[in-house]
DNA sequence: CCCGCTATCTATCGACCGATCACCCAAATC
DNA sequence: GATTTGGGTGATCGGTCGATAGATAGCGGG
C-alpha cells in the first residue's frame, strides 16, 4: 500500500540505510532489526540481503552521518582574506551551527561516543587541526598578536575555542538529548555567542601569550608566572 | 577469596547499588545483569533478591547518582553578600565543576538523556531556577544594571549563562565520552572561563537590556531594535 | 551443638533477537 | 506466454537475557 513492493537493489539499499539512520539515532544501536524492518515496511531477513550483519548496518549509519557532514568550504571561508576576520569567524560559526545542530548528528555523535568508538576523537581532531587553529590564527591577527608560526598555539587558547564550540553544540544537546526548549532563533544566539567570544577572549589570550608561550608538549616549568 | 560470602542485607544492597552505578555508567543501561553480577562476584539471581527487576535497579542507579549531587550550599554561596559577586561566581563555578566533572555523572546524565528520561530536564530546570537566576542577578548588580525584579531576565541572558555552563560541562564530555585528552589543571581552565564570561558578557547583556526587556513569554514584536 | 532463618547458589524457563535457509513470485527477457 | 533472474517472505535455529524456583549453606540464638 505504502510503497512499491519490488525495488532495485540500489534503491532498496539506500532506503534501508536512510531508515537505519533515523531508527538508530532515535533508539540507539541497541535497537532491534525487527523493529527497524517494521518501520521500513519490509521483513527483517531482507535487511540481511543488503547487509551481512547488524554491525555492518551500524557502520553504514556511521558512514552516512559522519561523511558528508564536513564542508570543505569552511576552511576556505576562514582563509578568505578579502573579508574581515571577525565577519568570517561569525559567518563560519553560523554555518557550522546549522550543519551540526541536527537531531541525527547530535544523537549519533553521542551514541558513538558512549559506545567507545574513536570516531568522535578522530572527527574532533580534524576540527581542531582544520578549524580551531584557523580561528585562533585569525583572532590573533585581528588583535595584533603574534602568529602561530611565531608563537605556537597554547593550551588555553584551544580551551577558549573549545568553549565556544561547546556552547554551540550544547544547544543541540539541550534540545535533542535533554528534550528542553531552546530559543526559536538559534542563528541569532550563535551570532551573539561568537560575538561575545570575539569581544571577551582576546584579553584572556593576550594575558596568556605575554606570560606563557607554552606549546602542547609541556615546556619545562620554572616557577609560576603571574596569573 | 575476595570478600566475605554472606553479608547483611543492607550491606549487600549497598554493594549492589554501588556496583550497578559503576557498571551501568560504563556500558549503558543495556548492560546485562549477568555481567553486573560477575563483576560483583555474586550470581545473577541474587540481584533479584534485592531488586524486583532490572528497571528497579536502574531507578536505584538514578537515585544514587542524581541525589546527593546537589549541594545546597551553592545557593548560599551565591547569596552571600559579604563577598564580592565576582569572587562568589568564580568560586561557585569552580565548586560546581568539581561536582559535575566526574565519569559517573557525565555518562549517567547522557545515558538518561538519550533514554528519554525527563530527569535531565527536571535537574536542569532546577539549575536554571536556583543557579542561573542568581548568577544573572549578581552580574546585573555587579555592573549596575536593573535587578531581575525590575527587568525580568531575558532569553539571551539565560543563553549566555547556558554557554558558560556548557563550556564547563563539555570538558567532561570530551574526557569521559569522547575519550579525549583535557588539560591537567581543569580548575584553572574553569576559572578562566568564568572570568572570560564575567568580562565579556556584560557588554552583550547591557545591549540586550537597553533594547529589549523581553520576558520568556515572547513580547509582541514591533519592528527590530538595532542589533 | 543443634536448629532455624535467610543469604546465596544451581538449574532452568520463556521471551527475544540476530542470523540463516528454503521457497515464492514480480518483473525483465526472448 | 514460457523462462529466467533476483527481490522479497515465512519459518526457524541457536544463543542471549531477564526472571523464577527449588536446593544449599553460612550465621545467630538457644
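Residue numbers (our numbering), protein chains in the order written: chain A, -18 to 208; chain B, -18 to 208.
Beta carbons are placed, not taken as given, at the ideal position from N, Cα and C, and that holds for glycine.
Given the structure is predicted, the values throughout are model-derived calculations rather than measurements.
| Unbroken alpha helix (DSSP H) run spanning residue 41(A), endpoints | Here residue 41(A) refers to the residue found at position 60 of the first chain. Start and end: 35 to 47.
Check the Cβ of residue 91(B) against every Cβ in chain A and list those closer than 9 angstroms, keeping chain order. The residue you call residue 91(B) lines up with position 110 of the second chain. Neighbours of residue 91(B) on chain A, chain order: 91, 94, 95, 154 and 158.
Q | Burial state of residue 121(B) (16 or more Cβ within 10 Å) | A | Mapped onto the second chain, residue 121(B) falls at position 140. Its Cβ being crowded by 16 or more others within 10 Å, residue 121(B) is buried.
Okay, do the region 95 to 112 of chain A and the region 47 to 64 of chain A touch, 3+ Cβ pairs below 8 angstroms being the bar? yes
task: Return the residues of the region 66 to 84 of chain A that lie within a Cβ-Cβ distance of less than 8 angstroms from chain B, sorted by chain order.
output: none
Please check the pair residue 100(B) and residue 47(B), which I expect to be a contact at CB under 8 angstroms, by giving their CB distance rounded to whole angstroms.
To locate residue 100(B), count along the second chain from 1; it is residue 119. To locate residue 47(B), count along the second chain from 1; it is residue 66. Confirmed, Cβ separation roughly 6 angstroms.
### Query
Roughly how many angstroms separate the alpha carbons of residue 167(B) and residue 178(B), rounded to a whole number?
Residue numbering aside, residue 167(B) sits at position 186 when the second chain is read from its first letter. Residue numbering aside, residue 178(B) sits at position 197 when the second chain is read from its first letter. Roughly 16 angstroms between the two C-alpha positions.
Assess contact between the region 74 to 83 of chain A and the region 73 to 85 of chain B, defined as three or more Cβ pairs (one per stretch) separated by less than 8 angstroms. Is contact present?
no
Quick check on residue 16(A): buried or exposed, where buried means 16 or more other Cβ atoms within 10 Å of its Cβ?
Numbered from 1 along the first chain, position 35 holds the residue referred to as residue 16(A). By the 10 Å Cβ count, residue 16(A) comes out exposed.
| Taking Cβ-Cβ distances shorter than 9 angstroms, what residues in chain A pair up with residue 38(B)? | Within the second chain, numbered from 1, the residue matching residue 38(B) stands at position 57. None at all; the shortest Cβ gap to chain A is about 17 angstroms.
message: So, at 8 angstroms on beta carbons, what are the nonlocal neighbours of residue 59(B) in its own chain, with the 5 sequence-adjacent residues on each side left out?
response: As a working mapping, residue 59(B) is identified with position 78 in the second chain. Excluding sequence neighbours, residue 59(B) sits near 69, 70, 73, 112, 115, 116 and 119.
(request) Kindly say whether residue 187(A), judged by its beta-carbon, lies nearer than 8 angstroms to any beta-carbon of chain B. (result) As a first step, residue 187(A) is located in the first chain; it is residue number 206 there, counting from the start. By this cut-off, residue 187(A) is not an interface position.
Practice prompt. Thinking residue 158(B) and residue 91(B) are a contact (beta carbons under 8 angstroms), I'd like their distance in whole angstroms, please.
Written response: Counting from one through the second chain, the residue named residue 158(B) turns up at place 177. Counting from one through the second chain, the residue named residue 91(B) turns up at place 110. Sure, about 6 angstroms apart at Cβ, within 8 angstroms.
Taking only the alpha-carbon atoms, compute the straight-line gap between residue 160(A) and residue 41(B) and give it to the nearest angstrom. If you number the first chain from 1, residue 160(A) lands on position 179. If you number the second chain from 1, residue 41(B) lands on position 60. Near 22 angstroms, if we compare the C-alpha coordinates of residue 41(B) and residue 160(A).
Using the three-state DSSP reduction, which class does residue 51(A) fall into: helix, strand or coil? Along the first chain, read from residue 1 onward, the residue named residue 51(A) stands at position 70. Residue state, collapsed to three classes: coil.
Open item on the list: Less than 8 angstroms between CB atoms is the rule here; does residue 175(A) satisfy it with respect to chain B?
Closed with: Within the first chain, the letter at position 194 stands for residue 175(A). Closer than 8 angstroms: no.
**Item:** Element boundaries [alpha helix (DSSP H), containing residue 74(A)]
**Value:** For the purposes of this step, residue 74(A) is taken as the residue at position 93 of the first chain. Element bounds for residue 74(A): 66 to 81.
Using a Cβ cut-off of 8 angstroms (strictly closer), state whether residue 111(B) contacts chain A. Mapped onto the second chain, residue 111(B) falls at position 130. By this cut-off, residue 111(B) is not an interface position.
List, in chain order, every chain B residue whose beta-carbon is nearer than 8 angstroms to that of residue -2(A). Taking the first residue of the first chain as position 1, residue -2(A) is located at position 17. Going along chain B, no residue has its Cβ under 8 angstroms from residue -2(A), so there is no contact; the nearest lies around 22 angstroms.
* By Cβ distance below 7 angstroms, which residues in the same chain neighbour residue 43(A) in space, the five residues on each side in sequence not counted? -> Numbered from 1 along the first chain, position 62 holds the residue referred to as residue 43(A). Excluding positions up to five away in sequence, the list reads 93 and 100.
Check your understanding: How long is the line joining the alpha carbons of residue 105(B) and residue 148(B), rounded to whole angstroms?
Key -> Your numbering for residue 105(B) matches position 124 in the second chain. Your numbering for residue 148(B) matches position 167 in the second chain. Between residue 105(B) and residue 148(B), the C-alpha separation is close to 15 angstroms.
query: Hey, is residue -11(B)'s beta-carbon within less than 8 angstroms of any beta-carbon in chain A?
result: Counted from its first residue, the second chain places residue -11(B) at position 8. No, no contact with chain A.
Which residue from 155(A), 64(A), 189(A) and 153(A) puts its Cα closest to that of residue 127(A)? For the purposes of this step, residue 127(A) is taken as residue 146 along the first chain, with counting starting at 1. Of the listed residues, the one whose Cα sits closest to residue 127(A) is 189(A).
Quick check: the Cα distance between residue 19(A) and residue 31(A), rounded to an integer number of angstroms? The sequence position of residue 19(A) within the first chain is 38, counting from 1. The sequence position of residue 31(A) within the first chain is 50, counting from 1. Taking the straight line joining both Cα atoms gives about 16 angstroms.
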